[in-house]
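A.B. asks: Per the working numbering, the sequence shown runs over residues 1 to 405. Ideal Cβ placement from N, Cα and C applies to all residues, glycine included. Below: one structure in structure tokens.
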Amino acid sequence: MRRYVLFGWLVPRHATTRVGRRIGQSLMHGERAIKQSTTTYVAMDTHKKTISVAIADGGRRGEARFIGEIPSRPEAVTKMVDRLAQKHGKLAFCYEAGPCGYGLYRQLTALGHDCVVIAPSLVPTRPGDRVKTDRRDAATQACLFRSGELTPVWVPDDAHEAMRDLCRARQASVEALRRARQQVSGFLLRHGRIYAEGKHWTRKHRSWLAAQRFEHPARQIAFEELVQAMDEAAARRDRLAKQMEELLPSWSLAKIVAAIQALRGIAAISAITLVAEIGDFKRFANPRQLMAYLGLTPSECSSGAKTARGAITKAGNTRARRMLVESAWTYRLPARMGAEILKRNEVLPQAIKQIAWKAQARLCSRYRRLAKAGKPANVVCVAIARELAAFVWAIATNDAVAVTA
């Protein structure tokens, strides 16, 4: 076969013409050509007032460039999308999850374009890179988006996000109540008032608080204000919890909430919080993925013949993990079906009841076994919470729940 030298390469004669390679042919593959992507990838670095936009052309050698900055307003986004659609055709958008929420995602999908929200903690970074600007972030994100190296997060619908906001408002009130109680206890301790007749925050303890008197009027006013702030935080917590229970029947995931209440230690508020924070359980292919998402798996630093495992990773959703750990404390007692669990199980399918009883028998036995082995109580509870997450996944993805939904 006769060959010609083209740019220093020996190529077959049929592969060239007077104007170079034939159209549609590849230099390295002869008659075969690599099909180039026609999608343009758009990355947005979102902020409160502005959005930095960069695009990456399709294909491995496509150019990635910064195209400008727009105001963070819906009309400005629509104008930018229309301009890019006229020039580039098919578009795919991405931006990092953050305080700006999912409004931009919903707007872009409503306009008919693909959009993903990516996890900021899983974006690949260069250890030696010490220059960070919005322009560089957007361009780098566009390249990574094109190469498929970004990890998307699950985006809830508007109703699910509203229920999650209500759950988080209640959790914020719980934290406010805890801080208010600490302030009351600290104030009394500074002045030598120590309650030693039982547990705190009971009815008897509240009567003792009401009987406290201080000589100086300013000190008495300060104490009364602290107690009043504590009462207001408790009232707000109770109001929000009541609203969660009242809005539950109208929620699309109410059947899953009712189903996981068959598990010991998970009542209405805990179940609503778990479902609101985790969302779609079926996006996890197996329970191990849910455990890792909740940060309940052990950390590990192994190399070669060395194997070293440490504390749990604490990655992912903190609120859902806290609920599971709090629920795990109930498994320190022997397995039994209490009146509350029996009442909640009346309307549930038999398959769900069997999973719940299997979970209770196994976890109670495992708690006693780990405690007998000398493990610290907090380590035991975290281990129980990790397995409890698996049983929650088993119930939430069970076909019986889907049939009754």
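Which of the three DSSP states is assigned to L27 in this structure?
C.D. replies: Legend: pLDDT at L27 = 40, less than 50; position of this residue unreliable, no value from coordinates given.
A.B. asks: Rounded C-beta distance between A385 and L324? I'm assuming under 8 Å.
C.D. replies: 4 Å
A.B. asks: Any idea what DSSP makes of T151, helix, strand or coil?
C.D. replies: coil
A.B. asks: Tell me which residues share the same chain as A400 and place their Cβ nearer than 7 Å to its Cβ, disregarding the 5 neighbours each side in the sequence.
C.D. replies: The residues are P349, A351 and I352.
A.B. asks: Which one of L226, R203 and C143 has the shortest CA to CA distance from R178?
C.D. replies: L226
A.B. asks: Where Q289 and W154 are concerned, what is the direct C-alpha to C-alpha distance, given to the nearest angstrom?
C.D. replies: 14 Å
A.B. asks: Buried or exposed: which applies to I445, given that a residue is buried once 16 or more other Cβ atoms fall within 10 Å of its Cβ?
C.D. replies: Shown here, the chain extends from 1 to 405; a query on residue 445 therefore has no answer.
A.B. asks: Using beta-carbon positions only, say whether M44 and Y95 come within less than 9 Å of one another.
C.D. replies: yes
A.B. asks: Does DSSP put K306 in a helix, in a strand, or in coil?
C.D. replies: strand
A.B. asks: Assuming A56 is part of the beta strand (DSSP E), what are its boundary residues?
C.D. replies: T50 to A56
A.B. asks: Would you mind listing the alpha helix (DSSP H) stretches within the stretch 169 to 249 that are 4+ residues and don't spill past its ends, in chain order?
C.D. replies: 203 to 210 and 217 to 247
A.B. asks: Going by C-alpha to C-alpha distance, which of F145, E277 and P152 sits closest to I118?
C.D. replies: P152
A.B. asks: Can you check which of these residues, K132, R309 and R322, is closest to I266 by C-alpha distance?
C.D. replies: R322
A.B. asks: How many Å lie between I194 and L188 at the Cα?
C.D. replies: About 7 Å.
A.B. asks: With burial defined as no fewer than 16 other Cβ atoms inside 10 Å of the residue's Cβ, what is the status of T297: buried or exposed?
C.D. replies: buried
A.B. asks: Please go through the same chain and pick out, in chain order, the residues whose beta-carbon is closer than 7 Å to the beta-carbon of C143, but skip the five residues on each side of it.
C.D. replies: Within the same chain, A56 and A64 come within 7 Å of C143 by CB-CB distance, once the 5 residues on both sides are set aside.
A.B. asks: T50 and I70 - do their beta-carbons sit closer together than 9 Å?
C.D. replies: Yes; because the gap between Cβ atoms is below 9 Å, this pair is in contact.
A.B. asks: For S302, which residues from the same chain have a beta carbon less than 7 Å from its beta carbon, with the 5 sequence-adjacent residues on both sides left out?
C.D. replies: A308
A.B. asks: Strictly by DSSP, which residues pair up with F93?
C.D. replies: In the DSSP output, where bridge partners are listed per residue, F93 has V42 and C115.
A.B. asks: Starting from I312, follow its DSSP beta bridges and name the residues at the other end.
C.D. replies: P298
A.B. asks: Alpha carbon to alpha carbon, what distance is there between K343 and S185?
C.D. replies: 38 Å
A.B. asks: If you reduce the DSSP assignment to three classes, tell me which class R65 lands in.
C.D. replies: Looking at R65 - three-state DSSP - the assignment turns out to be strand.
A.B. asks: Sorted by chain position, which residues of the same chain lie with C-beta nearer than 7 Å to Q171's C-beta, five sequence neighbours on each side aside?
C.D. replies: R319
A.B. asks: Report the CB separation of A419 from I395 in whole angstroms; it is logged as a contact under 8 Å.
C.D. replies: Given a span of 1 to 405 for the chain in the structure shown, any question on residue 419 remains unanswerable.
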